[in-house]
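Numbering (the numbering used here), first residue to last: 13 to 128.
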């Protein structure tokens with residue numbers, strides 16, 4: 013799989029899919045996040061997946077439209093790969109305005125994505 017440049021987490025004016033849902037976590041990520049933020053920060057779905065909590069339609073780690081755990085060692089792999097890689101398929105995301113409106117407004121990102 014191609015390595016893409018890391019994107020900084022910056023305030024985004026859009027309410028898009030990137031932080032609208034709880035993020036799927038590995039067991040290790042769930043343990044690490046729970047150790048720092050408490051057990052209530054994560055939960056297990058009925059399908060057995062670990063996810064971050066959502067409050068008010070946003071990931072609990074999103075404050076002032078910026079991810080508060082972006083620079084931490086336990087930053088989830090799903091988040092590290094976004095917006096380049098679809099965590100479920102391992103392939104590139106197919107973008108539309110619901111996934112990441114900001115991505116589509118930044119031509120330099122679109123050209124990197126298309127060259128993959």
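Even glycine gets a Cβ: it sits at the ideal position worked out from N, Cα and C.
Do residue i and residue j have their CB atoms nearer than 9 Å?
| i | j | result |
| --- | --- | --- |
| residue 56 | residue 35 | no |
| residue 65 | residue 53 | yes |
What does DSSP give as the partner residues of residue i in its beta bridges?
| i | result |
| --- | --- |
| residue 74 | 79 |
Taking the alpha-carbon positions, what's the residue i to residue j distance?
| i | j | result |
| --- | --- | --- |
| residue 39 | residue 117 | 35 Å |
| residue 85 | residue 31 | 19 Å |
| residue 45 | residue 78 | 17 Å |
| residue 71 | residue 81 | 11 Å |
Exposed or buried, what is residue i when buried is set at 16 or more other beta-carbons lying within 10 Å of its beta-carbon?
| i | result |
| --- | --- |
| residue 61 | exposed |
| residue 83 | exposed |
| residue 51 | exposed |
Report task. Just list the alpha helix (DSSP H) runs in the segment 37-69, keeping only unbroken ones of 4 residues or longer that don't cross its boundaries, in chain order. Result -> With a minimum length of 4 residues, the continuous alpha helix (DSSP H) runs that stay inside the segment 37-69 are 39-49.
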